[in-house]
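Engineer: Handing you a structure now.
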Amino acid sequence: MTTDEISLLKSSFQKIGPIAEQATGLFYARLFELDPTLRDFFHGDMAEQGSKLLRMIGLAVNGVERLDRLVPAARQLGLRQASYHVKEKHYDTIGEALLWTLAKGLGADFTQETRAAWGKTYWLLAETMRAGARDGAANLRRAAA
Ligand code: HEM
């Protein structure tokens, strides 16, 4: 990630702060429209779920500056997500809903450069998490053999 990309991520994420509630509402509505089966994954209070989501995006935004620390944590996180029955394809849907929500929430501020910076960050994180889950599953298979 370049410093320009990181500052685009940070400034655009700050703009989501004041409209956080609407943004998380839009995100889950879009997510469940894209894949209604994902409803089964998210139980409980959606407002609480929404604030978890924003915290997690905030962590990623801050983490991209320290990839050496982010990568091991993301691999572990991917392994935990797999234990919630999260599959590889689900990351595509979450990514699509996330970029769609940012486009809606940021309007004209969601420039091509901003979109590219978010896409790069999300796919980097998602790919690292998927790899962590794949390696974890392979280790379990080896241990059981
Ligand atoms: C880059 C992508 C993602 C990130 C950064 C992420 C991050 C997180 C974090 C930090 C938690 C809190 C619990 C923990 O640490 O284990 C969590 C929980 C969870 N995630 Fe994700 N996640 C991602 C993708 C997904 C995907 C693709 C799904 C698929 C549906 C998913 C479903 C869930 C569920 C069901 C929980 C538990 C929710 C609960 O607390 O009830 N996540 N995620």
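Be aware that the sequence shown starts at 1319, since it is given in the numbering used here, and climbs by one per residue.
Just so it is clear, CB atoms sit at the ideal spot from N, CA and C, and this is done for glycine as well.
May I ask you to check if the CB of residue 1403 is nearer than 6 Å to at least one heavy atom of ligand 1?
Structural biologist: Not under cutoff, so the answer is no.
Engineer: Just to confirm, is the Cβ distance from residue 1371 to residue 1342 under 7 Å?
Structural biologist: Yes; because the gap between Cβ atoms is below 7 Å, this pair is in contact.
Engineer: Tell me whether the beta-carbon of residue 1326 lies closer than 7 Å to the beta-carbon of residue 1432.
Structural biologist: A contact, by the Cβ cut-off of 7 Å.
Engineer: For residue 1344, collect the residues of the same chain with a Cβ closer than 6 Å to its Cβ; drop the 5 residues on either side in sequence, then sort them by chain order.
Structural biologist: If we look at residue 1344 and ignore the five residues flanking it on each side, its Cβ neighbours are 1419 and 1422.
Engineer: Helix, strand or coil for residue 1428, going by three-state DSSP, please let me know.
Structural biologist: Reduced to three states, the DSSP call for residue 1428 is coil.
Engineer: Candidates 1369, 1424 and 1320: which alpha carbon is nearest residue 1333's?
Structural biologist: Among 1369, 1424 and 1320, the Cα nearest to that of residue 1333 is on 1424.
Engineer: Less than 8 Å between C-beta atoms, sequence neighbours within five positions excluded: which residues of the same chain meet that for residue 1402?
Structural biologist: Once the five neighbours on either side are set aside, the close Cβ partners of residue 1402 are 1359.
Engineer: Measuring CA to CA, which of 1462, 1438 and 1443 is closest to residue 1301?
Structural biologist: Absent from the model: residue 1301. The displayed extent of the chain is 1319 to 1463, so no value can be given.
Engineer: Between 1454, 1445, 1463 and 1415, which lies nearest to residue 1347 when the distance is taken from Cα to Cα?
Structural biologist: Residue 1415 is the option with its Cα nearest to residue 1347.
Engineer: Please look up how many angstroms separate the CB atoms of residue 1455 and residue 1400, rounded, as I've assumed it's under 8 Å.
Structural biologist: Their Cβ separation, rounded to whole angstroms, is 7 Å, which keeps residue 1455 and residue 1400 in contact under 8 Å.
Engineer: May I ask whether a heavy atom of ligand 1 can be found less than 6 Å away from the beta carbon of residue 1293?
Structural biologist: Nothing can be reported for residue 1293: it is not among the residues displayed for the chain, which extend from 1319 to 1463.
Engineer: Whose C-alpha, out of 1439, 1405 and 1398, is nearest the C-alpha of residue 1417?
Structural biologist: Of the listed residues, the one whose Cα sits closest to residue 1417 is 1439.
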